[in-house]
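**Q** Before I ask anything, let me first share the structure, which is written out below as structure tokens.
Numbering (this note's numbering), first residue to last: 1411 to 1810.
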């Protein structure tokens, strides 16, 4: 109405009402055939400026179907009393749903005469919906949302926002309450000349080694700007460190020739040595702050390695206040997908890892774990597979 009064254009986007969604997520089908011939939705908090209640309590008490009271917590005792004095039996089934449809959802079922007491014992508070009717008895058999393996677990994801969506979705699909707090940001190269020169002279290289999807995208971006395509790589082979990098490479129409079974720098070096015993010329596009472990390992087996910066990262420039608040409220797991995510989060926390260590850390691989230890961050879980799937598996396995 405020928009109408202000003359502002608007439109309605249809959605599912919380009066249906909250019971459904609690395993309570509000209109279950054979159990509920009607569904009545009632406010649990009438406008306090109204002189008298306009709720027809007599009609509600006589209604045989499902009653759903929204915003019911503050007036819960009054609602129960109003129905009781009008003949609703104390044993009629009821349910309270707090924070319905979210990973913070809590549900309690019981007879209407005791439902307020049961909610108080769980220290419930707004927002709460009250559902009354036989359908609430189906929850035990039909609960699905809050039985997911990560339900209710708060997980902080530090990956760059442009890459976090897949990990976030996987965690949320398993019921987690995900807090996105990107501690790094992928930014365009400030100086593209070295990478451009390498691509223009690509014929002199036998192998390209790629250890992140960011490196693949960095190369792809320069290819587009230089007006070249993947045919220039026809003479060479590609080695990647894991499935995420291989997938990014495949989006350029290129299949990786080599990927070690274990996604470690040493494993990649050993695999390349077996594949090509004779020393080769290797192009290694990488982050500007990456470690030298892999490059030195390749040189140790006789390869000539050109390390070229393919992408840059930077801190998002946050003050760390949001992360501090999140940890103070409680975080179950913190995920780290690169050394940069660890370093930047510690920096954002004022160089003190104590709050981070109140959660269990989940690290993507040994190099990132080494960085974490150097910075005083506990390494509680390390993914067996260096990928987002590996992180998810590490968490679910820990909770089994």
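Where a beta carbon is used, it is the ideal one built from N, C-alpha and C, also for glycine.
Can you give, in chain order, each stretch of the alpha helix (DSSP H) that sits fully within the region 1460–1499 and has at least 4 residues?
**A** 1467–1472, 1486–1494
**Q** Measure the beta-carbon distance from residue 1493 to residue 1513 and round it to whole angstroms, keeping in mind my assumption that it falls under 8 Å.
**A** Contact flag wrong, Cβ pair sits at about 31 Å.
**Q** Using the Cα positions of residue 1558 and residue 1437, report the straight-line distance between them to the nearest angstrom.
**A** Cα-Cα distance, rounded: 13 Å.
**Q** Three or more C-beta pairs under 8 Å: does that hold for the region 1730–1737 against the region 1756–1775?
**A** With three or more CB-CB distances shorter than 8 Å, the region 1730–1737 counts as touching the region 1756–1775.
**Q** So for residue 1812, helix, strand or coil by DSSP?
**A** The structure shown does not extend to residue 1812, since the chain is modelled only from 1411 through 1810, so no value can be given for it.
**Q** Express the C-alpha separation of residue 1564 and residue 1588 in angstroms, rounding to a whole number.
**A** 6 Å
**Q** Residues in the same chain with beta-carbon distance under 7 Å from residue 1576, minus the five sequence neighbours each way, listed in chain order, please.
**A** 1798
**Q** Taking just the CA atoms, how far does residue 1780 sit from residue 1478?
**A** So the alpha carbons of these two residues sit roughly 53 Å apart.
**Q** Quick check: the Cα distance between residue 1667 and residue 1718, rounded to an integer number of angstroms?
**A** Approximately 21 Å between the Cα atoms of the pair.
**Q** What's the gap between the Cα of residue 1704 and the Cα of residue 1782?
**A** 19 Å
**Q** With DSSP as the reference, please indicate the residues paired to residue 1721 in a beta bridge.
**A** 1697
**Q** Can you tell which of 1721, 1691, 1774 has the C-alpha that lies nearest to the C-alpha of residue 1698?
**A** Relative to residue 1698, the option among 1721, 1691, 1774 whose CA is nearest is 1721.
**Q** Would the region 1528–1542 count as touching the region 1577–1586 if we require 3 or more Cβ pairs under 8 Å?
**A** no
**Q** In angstroms, rounded to a whole number, what distance separates the CA positions of residue 1552 and residue 1707?
**A** 55 Å
**Q** May I ask you to report which of helix, strand or coil DSSP gives residue 1643?
**A** DSSP places residue 1643 in helix when its eight states are reduced to three.
**Q** Looking only at its chain, what residues have a beta carbon closer than 6 Å to the beta carbon of residue 1501, apart from the 5 residues adjacent to it on each side?
**A** 1521
**Q** Where do the N-terminal and C-terminal ends of the alpha helix (DSSP H) with residue 1596 fall, by residue?
**A** Here residue 1596 belongs to no alpha helix (DSSP H); instead the beta strand (DSSP E) covers 1595–1597.
**Q** Taking the beta carbon of residue 1637 as the centre, do at least 16 other beta carbons fall within 10 Å, making it buried, or is it exposed?
**A** exposed
**Q** Run through DSSP, which three-state label would residue 1733 get?
**A** helix
**Q** Distance check for residue 1806 and residue 1523, CA to CA, integer angstroms please.
**A** Their backbone Cα atoms lie some 39 Å apart in a straight line.
**Q** State the Cα-Cα distance for the pair residue 1808 and residue 1710, rounded to the nearest angstrom.
**A** 38 Å
**Q** Using CA atoms only, rank isn't needed, just tell me which of 1724, 1632, 1716, 1672 is closest to residue 1617.
**A** Nearest of 1724, 1632, 1716, 1672 to residue 1617, Cα basis: 1716.
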